[in-house]
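Using my numbering, read the sequence shown as starting at 66 and increasing by one per residue. Heads up, the beta-carbon is just placed ideally off N, CA and C, and yes, glycines get one too. Below: the structure, in structure tokens.
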Amino acid sequence: MTDKVLVFDTTLRDGEQAAGTRLGSRDKLMVARQLARLNVDIIEAGYPASSPEDLHAVQQIAEEITGPIICALSRAVAEDIRACGKALAKAKRPRIHTGIGASDVHILGKFRDEKYGRDLTEKRVRIVEMGIEAVKLARQYADDVQFYAEDAGRSDPAFLFLMLQAVIEAGATVVNIPDTTGYSVPEQYGALIRGIRENVPNIDRATISVHCHNDLGMAVSNALAGIRNGARQVEGTINGIGERAGNAAIEEVVMALRTRADYYGVHTGVEAREFCRTSRMVADMLGMAVPPNKAVVGANAFAHSSGIHVDGFLKNRDTYEIMRPEDIGLEESRVVLTARTGRHGLRDRLNKLGYELSKEELDQAYARFLLVADKKQEVFDEDLAAILHEELQPVPDAFLLDYLQIYSGTSAIPTATVRLRAKDEVRQGASIGNGPVDAVYRAIASVTKTSARLTRYDIRAVTSGTEAMGEVTVRLEQGDKKATGRGASTDVIEASARAYVDGLNKLASQGEAARDDVGSGPSL
Ligand code: MN
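This is the structure we're talking about:
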């Protein structure tokens, strides 16, 4: 058996599905480029059948990204598989990922209709047939077909073995054993993988893949147990984002395999020095901040603060450090840009952070950069990311914040006056509220006559210090449409207003036809 473990990244599929926000194709492409630099082996780019936008995003990634295999997800449904075939038509190395429920809970719950059989025994037979048909159809579009046995973690192993044998016979090159619900524990999941190797007669013709969820905090442990028992592909996401409690964090799996190569005896092809940059980009793009104590990429992961530790650390790094910060690309010296930084300087820095901009985008970003540099003198990498995400939105602005004034204080009634531009029209209004942000939001809501509901409001300081930029993320819901708005400014009230207006613009850009029903699709 090979000692290389393939790394399958599903940040753009499982991760995006969970973030509650859709990345546009431009943002997806930006992340895909960074994943290619990270040198993952497979990028799962999306679920093309979910929407025309996602199909387009997968198409663009398939066309441009040539290093890693580009994979697209489908159910065991002909329409889904054809959408994958279309999306991957121009990929150099396409892979279709298809599959079906394997546990009795899934089979009885999702295939309740009599047409799938009258009882569990009949349904099981039909499900395996559907899996075989799906793999055969997928093979017409790609030589590389991965099959997922949804909820394998809770399946009857004997049935799972039969199912895997059948789909490998039908042409599956990879078999994915998802612990969809995060129910497994490492010893048991490892034993399941070993059982597959020992009981599926044609298993040497396929690679076993592990896809673990973190509901009990064991996604990484389960994935490692699977590898230890013979899996040679591991699925996960950057920062461990994903459905519910998330997926196995790729940076943790890779650094565990690397740091404990003495134990696992396997390696990956991942360029670990890109982890920091990738982690930051994903956190910024999806508006999902990384907790400071997160393993490997958290802000405190390499901070030694206890006096005793620091003393030992200075004498000999090995005393308390099992990984070096430079191994994951954590730069020691921070690069600071100022208002004197030219356009080239800004572009170079952005490229180093993994962002490639067109000339128009750079112009836009530079104009905003100068405004920020003017206010806060020193502009850090984190500030640049915040500027980018707000400034380079792919959506047209239905509303533009033109003017904002707040009146607030310990004994004042918070009052906000806003003026917005909407096409050629200028609208203004004022409101009082429970606090300045509430007043601003009420004023914007009345001016825009929106019926959107604010379901989340988060504010964070982008860097440290009182002159730091504040970044606000809001979640808006209107009917079945959802959008995430972001705004950044050295003034947190202004950042709040910008985020709200951004969210409204995104809702407006979705139109009536937009589908947001990925949840009803595969959730392996
Ligand atoms: Mn999943």
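Same chain only: Cβ atoms within 6 Å of residue i, ignoring 5 sequence neighbours per side
i	result
E536	A451, R525, V527 and A553
V193	M228 and A231
E317	V285, A360 and V361
E532	K441
R486	L465 and D467
A573	A463
F176	K188
Close Cβ partners of residue i (< 7 Å) along its chain, the five nearest in sequence each way excluded
i	result
I558	I471, P501, V502 and V505
V250	M283
D106	L71, V72, F73, P133, I134 and G334
G584	Confidence at G584 is low in this model, with a pLDDT of 42, below 50, so its placement is unreliable and the value that follows should be read with caution. None.
L453	Y420 and A430
I387	T324
Buried or exposed (CB count within 10 angstroms, at least 16 for buried), residue i
i	result
T384	exposed
H278	buried
L465	exposed
V190	exposed
Y468	exposed
M66	exposed
L100	buried
E109	buried
P587	buried
Q38	Nothing can be reported for residue 38: it is not among the residues displayed for the chain, which extend from 66 to 589.
H409	exposed
L589	buried
A368	exposed
N416	exposed
Own chain partners of residue i with C-beta closer than 8 Å, once the 5 adjacent residues on each side are dropped
i	result
L322	V70, L289, I292, Y329, V331, H332 and T333
V401	E443, V444 and F445
P479	I471, Y472, S473, I497, G498, N499, G500, P501, D503 and A504
I258	I242, I273, V275, A290, G291, N294, G295 and A296
T246	D216, G218, R219, H278 and D280
N104	G132, P133, G334, V335, E336 and E339
T403	A438, Q442, E443 and V444
S139	Y112, P113, A114, D145, I146, A148, C149, I161, H162, T163, A199, A203 and P587
Secondary structure of residue i, DSSP reduced to three states
i	result
S554	strand
G282	coil
R323	helix
L457	coil
N241	strand
K69	strand
G535	strand
L88	coil
G494	strand
D581	With a pLDDT of only 44 at D581, under the threshold of 50, the placement of this residue in the model should not be trusted; the figure read from the coordinates follows. Correct three-state label for D581: coil.
S274	strand
Y248	coil
Q575	helix
L469	strand
I524	strand
E215	strand
I315	helix
Q442	coil
L541	strand
T482	strand
R147	helix
A199	helix
D178	coil
D209	strand
P356	coil
A504	helix
L402	strand
D448	helix
R382	helix
G236	coil
Proximity test, residue i beta-carbon vs the ligand MN heavy atom, cut-off 8 Å
i	result
G166	no
G568	no
N312	yes
S588	yes
G410	no
D79	yes
T163	no
T75	yes
P243	yes
G535	no
H276	yes
G111	no
G307	yes
Closer than 8 Å: residue i CB and nearest the ligand PLP heavy atom
i	result
H454	For the structure depicted, the ligand PLP is absent and the ligand set comprises only the ligand MN.
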